[in-house]
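Student: Counting from 32, one number per residue, gives the positions in the sequence shown under my numbering.
The beta carbon of each residue, even a glycine, is placed where N, CA and C say it ideally should be.
I have a structure I would like to understand better, so I am pasting it below and will then ask my questions one at a time.
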Amino acid sequence: MKITLIGQDIPMLLPALLTDLLFAGAERGAVIAVGETNPAMRELLQGYGDAVFRKAGLGGGIRVTESREEALAGADCVIYAGDPQAGSRFFQDRSALGTDDENDPGLTDQARVNGGIEGLLHALRAGDAVLKLCDDMDSACPGAAVINLGQPVARTTAVFTNRGYRCFGLGRTPLRGANGVDTYAKRLQIRPENVTAVTAGLPGFAFLTEMKDGSRDLLGKLQKAAQSGELGSLARRWYGWWNAIPVGDVTDHAEFLPAQEGYIPDEHPEFGETVEKRKERILYMNTVREQGADSRDGAMAQLLLLSKAPPIRPMKLALALLRKESAEIPAVARPNGSQRQRDGSFVLTMPQLAAEAVIEAPLVLKDGEEQPREIRVPEALADILGEVDSANRLAAKAAEGDREAVRSYVETDPALAGLDRLYCMDVVDALIRMHEDVLTNF
């Protein structure tokens, strides 16, 4: 088994990835390959990984290399966690979208990570990097499965899928956060671990379809809380529109919609680690590398690294796919029609959406294969899900250099409702020219 890790966020995720691989029952002799171009980081990751493999005592090993070709060669699965120049390019666009006149901020509201004008530019830049990775995979590991963590997840997952790869995306989990399942459970004075919940929709635009404490249905109580405004003004408004409760970070939902009263896009969104967190992580990884994972200080450093790990579990998903195991993993992005029947037709997880839609819903695997599970949502919600998904897939198509897809995105993206679409198209063209150094397909 060879699993390749690619992308600038891999160093941050490596402690949790290796822990899942080596201490959750990975087969003996598993090989991890990491692509890393920075020499100092390459040395750190190699030393840290060696210490963790020694602690596990399972054989196999880790190989950190600057050669992407070497890292990808013969990979069974590629875990991608890239978002090239996301922060610097975002702030460059935000400045360009605004003006110097405080009474006329221009299109500053469109400086969003996932949707609207900047969501499109984000997808174009991220998609360009994904397409280059696909070019390398086509020759090095054409049959590899892909676990995609690259933002914006819906759109980068669509890029991988368009290139013919079996791809599963993991974004910001709807289980955590101000409007996460865990917070809803605590509001009802129930321990989160005692709750079973089903969320469905799109990455960053998911809704609660089921919530129970044993056999007791909790959805009715939350619906009353949403109606009364106890879950926040945005949740109340959207419940009135769609008869559904948003789950996860509602600021993500708002990014896919027209300007919302009560919501102002974050002027300084975080992309990956902060500088302080990065320094802290490097310190702890160096402690493990130099003193060993068996030492007292090394073990403490490893615990601190794992305490700061994101809640997503890409290695758990990768192992279930490669070892053809049974598993149920919440909030996985993939094509709606990813389950092909013997007659060639598709089983749709969310039958109200197109087969090509990139949805986010629980993934149930049996012997490594996805099992049919139908989830329906209120019709009004299905309508807006369809509109947002269409914009997501147009952005993914546009990343290939398709000018017509760019134009269709601007003409139909619900986040641009109420704006002069012709003017928005001029702005998008100007931003594409501004980023021509990285948008190679344009």
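Less than 8 Å between C-beta atoms, sequence neighbours within five positions excluded: which residues of the same chain meet that for residue 463?
Tutor: Answer for residue 463: 152, 155, 437, 470 and 473, listed in chain order.
Student: Determine the DSSP secondary structure at residue 343, reduced to helix, strand or coil.
Tutor: Coil.
Student: By the DSSP assignment, the alpha helix (DSSP H) with residue 188 in it spans what residues?
Tutor: It spans 184 to 193 - the alpha helix (DSSP H) in which residue 188 sits, taken as one unbroken run.
Student: Short check: CB of residue 145 to CB of residue 235, under 8 Å?
Tutor: Their beta carbons are under 8 Å apart, which means residue 145 touches residue 235 by this criterion.
Student: Quick one: is residue 334 buried, meaning 16 or more other Cβ sit within 10 Å of its Cβ, or exposed?
Tutor: By the 10 Å Cβ count, residue 334 comes out exposed.
Student: In the DSSP assignment, what residue or residues form a beta bridge with residue 35?
Tutor: Beta-bridge pairing links residue 35 to 64 and 109.
Student: Between the segment 204 to 222 and the segment 275 to 283, do at least 3 Cβ pairs fall closer than 8 Å?
Tutor: As far as the Cβ criterion goes, the segment 204 to 222 touches the segment 275 to 283, which means the pair count is three or higher.
Student: For residue 179, which option in 283, 171 and 188 has the closest C-alpha, if you only look at C-alpha atoms?
Tutor: Comparing Cα positions, the closest option is 188.
Student: Classify residue 328 as buried or exposed, calling it buried when 16 or more other Cβ atoms lie within 10 Å of its own Cβ.
Tutor: Flag for residue 328 reads exposed.
Student: Can you give me the C-alpha to C-alpha distance between residue 419 and residue 407, rounded to a whole angstrom?
Tutor: Going from the Cα of residue 419 to the Cα of residue 407 covers about 17 Å.
Student: Quick test of your reading: residue 142 and residue 149, contact by CB under 8 Å. State the CB separation rounded to the nearest angstrom.
Tutor: Confirmed, Cβ separation roughly 5 Å.
Student: Relative to the alpha-carbon of residue 130, which residue among 33, 314, 275 and 458 has its alpha-carbon at the smallest distance?
Tutor: Selected option, being the one with the closest Cα: 458.
Student: Apply the 10 Å Cβ neighbour rule to residue 421 and answer buried if 16 or more other Cβ atoms are within range, or exposed otherwise.
Tutor: Under this definition residue 421 is a buried residue.
Student: Below 6 Å CB to CB, which residues in the same chain sit around residue 31 once its five sequence neighbours on both sides are set aside?
Tutor: Nothing can be reported for residue 31, as the shown portion of the chain is limited to 32 through 473.
Student: Evaluate contact between the segment 299 to 307 and the segment 111 to 120, counting only Cβ atoms and requiring at least three cross-stretch pairs below 8 Å.
Tutor: Because the criterion of three Cβ pairs below 8 Å is met, the segment 299 to 307 and the segment 111 to 120 touch.
Student: So within the segment 145 to 176, which uninterrupted alpha helix (DSSP H) runs reach at least 4 residues, ignoring any that extend past its ends?
Tutor: Entirely contained in the segment 145 to 176, the alpha helix (DSSP H) runs reaching 4 residues are, in chain order, 147 to 171.
Student: What are the partner residues of residue 455, as DSSP defines its beta bridges?
Tutor: None; residue 455 has no bridge partner.
Student: Select from 416, 204 and 444 the residue whose C-alpha is nearest the C-alpha of residue 362.
Tutor: Selected option, being the one with the closest Cα: 204.
Student: For residue 175, does the count of other Cβ atoms within 10 angstroms reach 16, so buried, or fall short, so exposed?
Tutor: Its Cβ being crowded by 16 or more others within 10 Å, residue 175 is buried.
Student: Nearest to residue 41 by CA position, among 359, 312 and 251, is which residue?
Tutor: Nearest option by C-alpha distance: 312.
Student: Near residue 228, what residues of its chain come up, given a Cβ to Cβ distance below 7 Å and the 5 sequence neighbours on each side ignored?
Tutor: Only 212, 239, 241 and 242 meet the Cβ criterion.
Student: Looking at residue 82: is its Cβ nearer than 8 Å to the Cβ of residue 320?
Tutor: Yes, the pair counts as a contact, with Cβ atoms nearer than the cut-off.
Student: Considering only the beta carbon of each residue, do residue 245 and residue 364 sit closer than 8 Å?
Tutor: The answer is no: Cβ separation not under 8 Å.
Student: What is the residue span of the beta strand (DSSP E) that residue 223 lies within?
Tutor: Residue 223 -> no beta strand (DSSP E), and no H or E assigned at all.
Student: Taking the alpha carbon of residue 165 as the point to measure from, which residue in 225, 128, 214 and 99 has its own alpha carbon closest?
Tutor: Among 225, 128, 214 and 99, the Cα nearest to that of residue 165 belongs to 99.
Student: Is residue 367 closer than 8 Å to residue 394 when the C-beta atoms are compared?
Tutor: It is not a contact, given that the beta carbons lie outside the stated cut-off.
Student: Which residue comes first and which comes last in the alpha helix (DSSP H) that contains residue 360?
Tutor: Looking at the DSSP string, residue 360 is not in any alpha helix (DSSP H); the run it does join, the beta strand (DSSP E), is 358 to 366.
Student: Our contact map puts residue 86 next to residue 62 with C-beta atoms below 8 Å; I'd like the distance itself, whole angstroms only.
Tutor: The pair is not a contact, with the Cβ atoms about 17 Å apart (cut-off 8 Å).
Student: Please classify residue 272 as buried or exposed, where buried requires at least 16 neighbouring CB atoms within 10 angstroms.
Tutor: Residue 272 is exposed by the Cβ-count criterion.
Student: Taking C-beta to C-beta, are residue 430 and residue 440 nearer than 8 Å?
Tutor: No.
Student: Which same chain residues end up closer than 6 Å to residue 95 when comparing Cβ atoms and leaving out the 5 residues on each side of it in sequence?
Tutor: Excluding sequence neighbours, residue 95 sits near 65, 67, 73, 76 and 77.
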